[in-house]
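Before any comments, here is the structure.
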Amino acid sequence: MTITCFVAWRRVLAAALLAAPLAAWTQPSPLSRHLLIVVDGLRPDYVTAAVMPNLAALGRRGVVFARHHSVYPTVTRVNASSISTGAYPERHGLMGNSVFFPKVDPAKFLDTSNRGDLLKIAAAEGQLLTAPTLAQSLQAAGKKMLVVSSGSGGSAFLNNHTVSGGAILHPQFTLPESLGAEMKALGPVPAEDGPAGALDRYAVDAFLKVGLKQDPAVTVLWLGALDSTAHDAGIGAPETVAILRHVDREIKRLENGLKAAGLFETYDIWITSDHGFSTYTGGVDLSAVLKPHARTMADGSPRIVAGGGAIYVRDGDQAAVSAIVAALQAKAGVGAIFTRAAQPGSLTGSVPGSLSFEAARWSHDRSAQILFSPDWTDAANAHGWRGTTASGGTAGHGSSSPWDIHNTLIAAGPDLKRGITIQAPSANVDFAPTFLKLLNLTVPATVQGRPLDEALARGAALGAGAVRTMEHVARTADSSYTVTGLFSVLTTGGREYRYLDGTRVVRN
Numbered sequence: 001m002t003i004t005c006f007v008a009w010r011r012v013l014a015a016a017l018l019a020a021p022l023a024a025w026t027q028p029s030p031l032s033r034h035l036l037i038v039v040d041g042l043r044p045d046y047v048t049a050a051v052m053p054n055l056a057a058l059g060r061r062g063v064v065f066a067r068h069h070s071v072y073p074t075v076t077r078v079n080a081s082s083i084s085t086g087a088y089p090e091r092h093g094l095m096g097n098s099v100f101f102p103k104v105d106p107a108k109f110l111d112t113s114n115r116g117d118l119l120k121i122a123a124a125e126g127q128l129l130t131a132p133t134l135a136q137s138l139q140a141a142g143k144k145m146l147v148v149s150s151g152s153g154g155s156a157f158l159n160n161h162t163v164s165g166g167a168i169l170h171p172q173f174t175l176p177e178s179l180g181a182e183m184k185a186l187g188p189v190p191a192e193d194g195p196a197g198a199l200d201r202y203a204v205d206a207f208l209k210v211g212l213k214q215d216p217a218v219t220v221l222w223l224g225a226l227d228s229t230a231h232d233a234g235i236g237a238p239e240t241v242a243i244l245r246h247v248d249r250e251i252k253r254l255e256n257g258l259k260a261a262g263l264f265e266t267y268d269i270w271i272t273s274d275h276g277f278s279t280y281t282g283g284v285d286l287s288a289v290l291k292p293h294a295r296t297m298a299d300g301s302p303r304i305v306a307g308g309g310a311i312y313v314r315d316g317d318q319a320a321v322s323a324i325v326a327a328l329q330a331k332a333g334v335g336a337i338f339t340r341a342a343q344p345g346s347l348t349g350s351v352p353g354s355l356s357f358e359a360a361r362w363s364h365d366r367s368a369q370i371l372f373s374p375d376w377t378d379a380a381n382a383h384g385w386r387g388t389t390a391s392g393g394t395a396g397h398g399s400s401s402p403w404d405i406h407n408t409l410i411a412a413g414p415d416l417k418r419g420i421t422i423q424a425p426s427a428n429v430d431f432a433p434t435f436l437k438l439l440n441l442t443v444p445a446t447v448q449g450r451p452l453d454e455a456l457a458r459g460a461a462l463g464a465g466a467v468r469t470m471e472h473v474a475r476t477a478d479s480s481y482t483v484t485g486l487f488s489v490l491t492t493g494g495r496e497y498r499y500l501d502g503t504r505v506v507r508n
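Each residue of the sequence shown is one higher than the last, beginning at 1 in the working numbering.
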């Protein structure tokens, strides 16, 4: 495995951040509104003047975040939940795209893309997410949050699952149902297997023609066509490039729609993604690793249940946990492995040669006993796009590879600086506290992200030395397997914020 991308990032972060005098915070315009466009699967290097000229132009007039991060596991519904709550899985409790709740089904994982499964979890557990949402904070202040999506019903729902103070507009459902008539006026819902990008266009229409009338303080507009196309066709394929061009046109159409409504000057537009993307090179046979430890519980359900890199050893047998981890460490194609912390707060896992759940911000009552990532390289695919992971299929995400973790954030608007690139780390957990600050609302104590002050027109820049990098190494007793966690640490306002940059595995 090579580490070219890590070296390049270290060089970027080694450059001194420009210091600026501390500026007093003054209130933004009370008319400001915030539109967060989540382009599912948008890698930062997709954004070029040749393919996405409108998005590139938006960056030139606003702010480009060079070190933005997805939340690990780098999958859609984990990041939808982190955008919604400003928290990591260790606090919001949505642990993967597929999740295990034995109260609902003791034999298999549930699909979080399915809103019905999410409702079952909420009924069985008493709550879906274990942290309050941005929408709830807005509702308490008499403001509204709007979610419009062409992605899965689950990702739309997780962005405002209590439907607090606003609405969800989705091809499959409308909440509150009273908005259904207005949605029907948009015309027939495009078929999921119809022309690529048609559902994205429908979502943009829904925002401009139905959503704007709700006067939302914050809107999350989720566009899903890029993700589904790249999964099927691959990174750099003609079909994927065509969808990038389509998304770029929709961004321009949004801007034109806001201008026509006389609202463009009141909107901060933030364009991000839920995760990056990698080319797949073939996955590990996990069933062979788990088969020696398979048993039946007293109720007839399986002892071992696995999905999305999470492995539940339901009887808590630590000997079985250690044996499974050892088998994974010996298996080419398996990358970083995470287990419960050796001691509270440690980045070292309880099983030798593993990182802790704390390193990944994944320690929760709902956590499995083991979490692992496929291994990765920075090799190029047939179209010249770098970044591979050892998974089955054509292309995707979910790993602790920097190609999956490093995602896009570009923003412009009245509350933002103009024409700058920010090298400080940021992440999807940072949106909620940023929007709350811009709206002069209290940030709940459960929020783990930070306001992106350095990007705000009235905010202070970060001083030199605010960012440092760190590594944490764990290895087996015989050093046959070594895993390194790589992190960026930002110090601001007397607090430290740690961002997972990726992991690296070496076998001897």
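By construction, the Cβ of each residue, glycine as well, lies at the ideal position given by its N, Cα and C atoms.
For residue i: DSSP bridge partner residues
i    : result
W222 : V38 and S149
D105 : Per DSSP, none; premise fails for D105.
S426 : H68
V334 : P374
G396 : S278
A341 : G349
T421 : V64
T296 : P302
R33  : Y267
A380 : R386
L416 : L456
Selection from the options that minimises the alpha carbon distance to residue i
i    : options                   : result
D285 : S273, R314 and G333       : G333
S322 : A342, A330 and V351       : V351
G187 : G166, E125, D193 and V210 : V210
P444 : E454, D430 and A455       : D430
G300 : L290, D215 and R314       : R314
D248 : G413, D268 and V204       : V204
G308 : T296, I337 and A260       : I337
E265 : S32, S113 and D375        : S32
Q423 : A464, G384 and P402       : A464
D227 : W362, L36, R245 and T76   : T76
E471 : V489, D478 and A457       : V489
A66  : S287, A427, P374 and D378 : A427
A57  : G387, G419, H397 and G353 : G419
E90  : G449, W362 and G459       : W362
A206 : D232, I235, H170 and P216 : H170
R295 : Y280, A461 and A320       : A320
L290 : A298, T279 and R303       : R303
V509 : G142, I235 and D193       : Since the first and last residues shown for the chain are 1 and 508, residue 509 lies out of range.
A411 : W270, Y312, W376 and N440 : W270
P44  : D215, G165, R245 and H275 : H275
Cut-off 7 Å between Cβ atoms - residues of its own chain near residue i, not counting five sequence neighbours on either side
i    : result
Q172 : G153
H92  : S81, S82, T85, L129, T130 and A131
A230 : G41, T240, F277 and A395
V506 : T482
A87  : A131, V429, T446, V447 and Q448
Cβ-based neighbour list, residue i, same chain, cut-off 6 Å, excluding 5 preceding and 5 following
i    : result
T491 : A466
V147 : A156, N159, N160, I168 and V220
S150 : L199, D200, A203, L223 and G224
G353 : Q329, A474, R475, T476 and Y481
T509 : This structure cannot speak to residue 509, because the chain is shown only from 1 to 508.
R366 : G93 and M95
Y497 : R450 and L490
A342 : T348 and S350
A23  : Since pLDDT at A23 reaches only 31, below the 50 mark, its modelled position is unreliable, and the value read off the structure follows with that caveat. Counting only Cβ-Cβ distances below 6 Å, and skipping sequence neighbours, we find A460.
L486 : E471, D501 and G502
Residue i, enclosing alpha helix (DSSP H) - first and last residue
i    : result
I405 : P402 to I405
V204 : A198 to K209
T389 : Premise fails: T389 lies in the beta strand (DSSP E), R386 to T389, not in any alpha helix (DSSP H).
A288 : L286 to L290
K437 : F431 to L438
A359 : F357 to A360
Where the beta strand (DSSP E) through residue i begins and ends
i    : result
V247 : Looking at the DSSP string, V247 is not in any beta strand (DSSP E); the run it does join, the alpha helix (DSSP H), is P238 to A260.
P374 : I370 to P374
T272 : Y267 to T272
A412 : L409 to A412
Proximal residues to residue i (C-beta, below 8 Å), its chain only, five neighbours per side dropped
i    : result
G316 : Q369
A124 : F101, K103 and V104
**Report entry** Whole beta strand (DSSP E) elements within the segment 450-507, 3-residue minimum
**Finding:** 467-475, 481-492 and 495-507
Report task. Quick one: which unbroken beta strand (DSSP E) runs of 3-plus residues sit fully inside the segment 141-186? Chain order, please. Result -> 145-149 and 166-169
Report task. Within the segment 53-120, note down every full alpha helix (DSSP H) run reaching 4 residues or more, in order along the chain. Result -> Runs found: 53-61, 76-85 and 89-92.
Report task. Mind listing, in chain order, the continuous beta strand (DSSP E) runs of no fewer than 3 residues lying wholly within the segment 302-330? Result -> 304-307 and 310-313
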